[in-house]
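Worksheet: one structure, shown below.
Protein chains in written order, with my numbering: chain A, 1 to 92; chain B, 93 to 184; chain C, 185 to 276; chain D, 277 to 368.
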């Protein structure tokens, strides 16, 4: 089963939270709020997006690259973890 | 006048487009669509967000750091352009 | 055979070019050259480093995550390509 | 006085440390060391480079965008700090 289905509830919750943050961004722009506030709302939404992106990529690597018809070797698993760690650190 | 007010219509349009992309993300997750599709929708939304973030930072530098009571010197203007170019290239 | 051995000559050449760029950075700082020049040299070195990092990660995914005792399925190969594309776009 | 001169010793030290890290990268590639080790050395060098880049950009904003013939207003200073914080968080 795909990670996006196995983790559906948690991913959906996070995507909805980002939607809320982007709605807040639309609102602060529309209400002509202080530019610093706009930047902060934008920055928070971007951070949440990056973090969800990292989560999706991690699941993609684990479920679709590593797992297949055959069980991955322990070397493959270790290499996958290294890639995941780096992807996460770039998307922080 | 703040750049977020001067450019209000264009910024608002872009923020609303991102809202649409995040709504699409919620939908593909909810409909349990293929993981590759989820990643693509997510990646497009993230790209649009980075690009709006770069735009907001550029405006912030121009309107609020560079411009003040006194006219900036041409050296200050050049230095600001260099910072803007780099910020843009990081957020591409 | 590991990708860092298979591609040794090309990777080594790129690493040496980055070494040259970092030596140039040390030099412009030491010679108290104009700050804009320092930033440009630094920025070029950073770009080259990101690009080599992306190359190394791509090889790691292909050689060590995807390839193992068993041949990867075409779904696994496609998923790996998707991850590689995204990693590359983040490190541009 | 430019920040790259005022902070010369500290910036130079950091640039030389990065040079050492890139020399280590050349060495591990040349000695055909384990790919995971290559990735770690590369990743550390890249992190140090990003952190020096953030430092240089911060100094550039403070010394060359903010400071000019006239003293910046407190609003300009606050806006500059906001830009610096964001640039730093992107280059972490």
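Even glycine gets a Cβ: it sits at the ideal position worked out from N, Cα and C.
Under 8 Å between the Cβ atoms of residue i and residue j?
{"i": "residue 118 of chain B", "j": "residue 16 of chain A", "result": "yes"}
{"i": "residue 358 of chain D", "j": "residue 152 of chain B", "result": "yes"}
{"i": "residue 42 of chain A", "j": "residue 105 of chain B", "result": "no"}
{"i": "residue 189 of chain C", "j": "residue 232 of chain C", "result": "no"}
{"i": "residue 327 of chain D", "j": "residue 367 of chain D", "result": "yes"}
{"i": "residue 160 of chain B", "j": "residue 349 of chain D", "result": "yes"}
{"i": "residue 65 of chain A", "j": "residue 250 of chain C", "result": "yes"}
Residue i CB to nearest chain C CB: under 8 Å?
{"i": "residue 306 of chain D", "result": "yes"}
{"i": "residue 52 of chain A", "result": "no"}
For residue i, count the other beta carbons within 10 Å of its own beta carbon; 16 or more makes it buried, fewer makes it exposed. Which is it?
{"i": "residue 352 of chain D", "result": "buried"}
{"i": "residue 273 of chain C", "result": "exposed"}
{"i": "residue 354 of chain D", "result": "exposed"}
{"i": "residue 297 of chain D", "result": "buried"}
{"i": "residue 308 of chain D", "result": "exposed"}
{"i": "residue 155 of chain B", "result": "buried"}
{"i": "residue 53 of chain A", "result": "buried"}
{"i": "residue 178 of chain B", "result": "buried"}
When you compare the CB of residue i with every CB in chain A, is at least one pair closer than 8 Å?
{"i": "residue 169 of chain B", "result": "no"}
{"i": "residue 185 of chain C", "result": "no"}
{"i": "residue 178 of chain B", "result": "no"}
{"i": "residue 150 of chain B", "result": "no"}
Would you say residue i lies against chain D (beta-carbon separation less than 8 Å)?
{"i": "residue 103 of chain B", "result": "no"}
{"i": "residue 267 of chain C", "result": "no"}
Find the residues of chain A that neighbour residue i, judging by a C-beta separation of less than 8 Å, and give them in chain order.
{"i": "residue 252 of chain C", "result": "70, 72, 73, 75, 76"}
Under 9 Å between beta-carbons, which chain A residues line up against residue i? List them in chain order, please.
{"i": "residue 264 of chain C", "result": "61, 64, 65"}
Along chain D, in chain order, which residues have C-beta atoms closer than 7 Å to that of residue i?
{"i": "residue 228 of chain C", "result": "None at all; the shortest Cβ gap to chain D is about 11 Å."}
What residues from chain A crowd round residue i, counting only those whose CB sits closer than 7 Å?
{"i": "residue 130 of chain B", "result": "4, 56"}
If the cut is a Cβ gap below 8 Å, which residues of chain B does residue i touch?
{"i": "residue 367 of chain D", "result": "182"}
Is there at least one Cβ from chain F nearer than 8 Å to residue i's Cβ?
{"i": "residue 272 of chain C", "result": "Protein chains A, B, C and D are contained in the structure displayed, whereas chain F is not."}
For this session: Go through the segment 1-39 of chain A residue by residue and report every complete run of the alpha helix (DSSP H) that reaches 4 residues or more, in order.
Result: The segment 1-39 of chain A contains these whole alpha helix (DSSP H) runs: 3-6, 8-30.
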